[in-house]
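Number 22 in our numbering belongs to position 11 of the sequence shown; there are no gaps in the numbering.
For every residue, glycine included, the Cβ atom is placed at its ideal position computed from N, Cα and C.
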Amino acid sequence: SGFSVMPYRDTLFIIFTPIGKITARERAGIITKRLEQLYKTFIPGIDTIILVDYGQTVDLVFGELTIMSITELDALWFEKTKIELAQTYREIILKDVEYYIKSRSLISWLKDILLAIFVILAQVFLIKFVNYLFKKRLDLFFKAQKDVWFKGIYIKDYEFLDAQRLTNFVLTISKFLRWFVNILQLYITIPVLFSIFPPTKRLAETLFAYT
């Protein structure tokens, strides 16, 4: 099994092999945390990632931070040399960190905020629209059906529910259904809002999966 390295948005690459007692899963977690650290401090045009060949491994290094080590087993898995695989990973990381930094620029944040405001306003409109349909259309329709659809419930000669109580019971069910739809709308809105902003995109994916 492979384990994803995904510090920001998408999977950058997958770790299949261990190093010593460190499992592939643990390696992927360690690399992800180091990349998260890298993304916070990297300055495009000034900083870079260098490759250091130690013989048994080729390391990707940023300043004093060793991002990851490429072993012979890693290279064999992808049918490349250690240096070729390290160069591939370096290019992937540099492209992704540049995208990450651009996405956090002031203009991007302003666009995200405006989009979030639009989503909130749209949801307010939808909630009001749903409430209107239930209260002004469906509920009034049910009230008009009193003594037509809702004539009461009888058990032999005993009136279990009269027409008014049966109508009220249906209206109560309608109210709970309206609340359920409103809550569902709000629950969907939250991950939509989270998906707009880069730091919360992964949480949004989790919430969508639960939905």
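Counterpart residues of residue i in DSSP-defined beta bridges
i, result
"residue 72", "61 and 77"
"residue 205", "According to DSSP, residue 205 bridges with nothing at all."
As assigned by DSSP and simplified to three states, the class of residue i
i, result
"residue 52", "helix"
"residue 24", "strand"
"residue 82", "strand"
"residue 185", "helix"
"residue 32", "coil"
"residue 180", "helix"
"residue 67", "coil"
"residue 89", "coil"
"residue 222", "coil"
"residue 198", "helix"
First through last residue of the alpha helix (DSSP H) which encompasses residue i
i, result
"residue 8", "Coverage of the chain is limited to positions 12 through 222, which leaves residue 8 absent and any answer about it impossible."
"residue 114", "93-114"
"residue 153", "150-155"
Supposed contact pair residue j and residue i - C-beta distance, whole angstroms, cut 8 Å
i, j, result
"residue 137", "residue 48", "With 8 Å as the limit, residue 137 and residue 48 do not qualify as a contact, their Cβ atoms being about 41 Å apart."
"residue 109", "residue 29", "Going by Cβ atoms, the distance from residue 109 to residue 29 rounds to 30 Å, so no, they are not a contact pair."
Residue i, enclosing beta strand (DSSP E) - first and last residue
i, result
"residue 14", "14-16"
**Prompt:** Are the segment 174-193 and the segment 94-106 in contact at 8 Å, needing three or more beta carbon pairs?
**Reply:** At 8 Å Cβ cutoff, the stretches do not touch.
**Prompt:** Taking contact to mean at least 3 C-beta pairs separated by less than 8 Å, is the segment 145-155 in contact with the segment 197-205?
**Reply:** No: fewer than three Cβ pairs fall under 8 Å.
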